[in-house]
Amino acid sequence: MQIEQIKPIIEAALLASSQPMTTHQLGDLFSETDEVGHEQIARALEALAGDCEGRGVELKEVASGFRYQVRQDVHPWISRMWTERPSRYSRAMLETLALIAYRQPITRPEIEQIRGVVVSSNIIKTMEEREWIRVVGYRDVPGKPALFGTTRAFLDYFNLKSLDQLPPLSEIRDMEDPQLRFEPEPLPARIVRDLSIDPDADAAAEREHEADSSETRTDTEHHASADAADADDTTADANAPAASSESDEPGSDTSPLADNPIATADEAANPAADVEPDAASQDSEEYRA
């Protein structure tokens with residue numbers, strides 16, 4: 001058969017099939033009398049892929065075989081045909097699936113050790129129900145934990161032909177959110193105090209430093225008070241001569257002894273000395289009478 005005769009048959013088979021078809025499955029469509037080999041089927045598939053240029057569908061090769069699918073460019077309009085919203089997967093599920101895809105075979109405890117949290121049993125169950133992962137063996141350690149690996153259904157769902165088509169981790173780091181980077185940007189350098197090994201010693205030293213500071217403040221206040229007192233004494237001494245000179249001036253009324261000075265000590269001891277003599281003799285005569 002000619003290539004132009006094989007192309008419609010293969011195209012119809014791919015459109016009628018609900019699953020991707022391999023070249024072996026497509027070869028079973030032809031009998032021995034048709035004399036169609038795998039080479040002719042491969043050329044027919046290549047020609048069909050070329051015919052899809054500029055159309056809304058494309059011929060895509062995935063892990064399970066070849067299939068027709070809607071192009072990514074027209075997907076936003078085609079998705080309006082279905083009222084149900086597309087499935088949204090949790091961050092924990094995607095992280096677990098990524099670890100299995102990049103590090104398979106891997107056990108559940110190893111996934112928990114990398115993520116730092118416990119892997120929910122519902123996540124493993126959901127991925128097994130979708131046939132994205134399967135148990136490929138058991139680790140030869142105590143407990144015999146199961147080893148998980150991806151399936152062809154996983155590759156078909158993500159339009160991958162093999163695991164080699166997974167994006168490298170370097171590209172994933174470039175595409176991810178800057179706030180979720182594995183390696184945070186270095187912080188600006190700053191001078192910090194070295195931490196001591198013994199925090200009790202640091203606390204004691206800090207208390208001693210505070211005590212020395214308080215003593216220093218006390219001494220400073222004492223010296224300030226002393227200086228103020230000396231300044232007051234100096235002011236009083238400066239004013240003292242002026243006061244004494246004013247009291248010594250003649251005619252000053254500040255001293256009570258200025259008008260009646262005391263001549264002798266006997267006068268000071270005997271106030272009657274200031275009495276007139278006539279008054280004294282009169283008192284004596286009245287006493288004798």
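Anchor point for the sequence shown: position 104 equals 104 in full-length UniProt numbering, and the numbering is continuous, going up by one each time.
Note that the Cβ used here is the ideal one computed from N, Cα and C, for glycine as well.
Since we're looking at a predicted model, the values are computed, not measured.
Between which two residues does the beta strand (DSSP E) carrying residue i extend?
| i | result |
| --- | --- |
| A146 | A146 to T150 |
| A137 | In the sequence under discussion, the amino acid at residue 137 is Gly, which differs from the Ala named in the question. Counting along the chain, the beta strand (DSSP E) containing G137 begins and ends at I133 to Y138. |
Measure the C-alpha to C-alpha separation of residue i and residue j and round it to an integer number of angstroms.
| i | j | result |
| --- | --- | --- |
| V74 | C52 | 14 Å |
| A101 | S162 | 11 Å |
| I114 | E129 | 24 Å |
| Q69 | G50 | 14 Å |
| I3 | R152 | 30 Å |
| S79 | K144 | 44 Å |
| H38 | G27 | 7 Å |
| L72 | I111 | A small correction: the amino acid at residue 72 is Gln; Leu does not occupy that position in the sequence shown. If you take the alpha carbons of Q72 and I111, they lie about 33 Å apart. |
| S18 | P142 | 43 Å |
| S90 | S121 | 14 Å |
| R108 | K60 | 33 Å |
| residue 316 | R134 | Coverage of the chain is limited to positions 1 through 289, which leaves residue 316 absent and any answer about it impossible. |
From the DSSP output, which residues share a beta bridge with residue i?
| i | result |
| --- | --- |
| L59 | Y68 |
| T96 | In DSSP, T96 forms no bridge with anything. |
| T107 | L147 |
Go to residue i, then tell me how far its alpha helix (DSSP H) extends in each direction, as first and last residue.
| i | result |
| --- | --- |
| G27 | T23 to G27 |
| D51 | H38 to D51 |
| L14 | I3 to A16 |
| T33 | Looking at the DSSP string, T33 is not in any alpha helix (DSSP H), and its letter there is neither H nor E. |
| T126 | S121 to E129 |
| P76 | H75 to I78 |
Return the chain-ordered list of same chain residues with a C-beta closer than 6 Å to the C-beta of residue i, the five sequence neighbours on each side being excluded.
| i | result |
| --- | --- |
| G149 | Q104, P105 and V136 |
| F154 | W132 |
Within a Cβ cutoff of 7 Å, which residues of the same chain sit near residue i, ignoring the five residues on either side of it in sequence?
| i | result |
| --- | --- |
| R288 | Low confidence applies here, because R288 scores a pLDDT of 47, under 50, leaving its location unreliable and the question unanswered by this model. |
| L97 | M127 and W132 |
For residue i and residue j, which I take to be in contact (beta-carbon distance under 8 Å), what is that distance rounded to the nearest angstrom?
| i | j | result |
| --- | --- | --- |
| Q40 | G65 | That pair is no contact at about 17 Å. |
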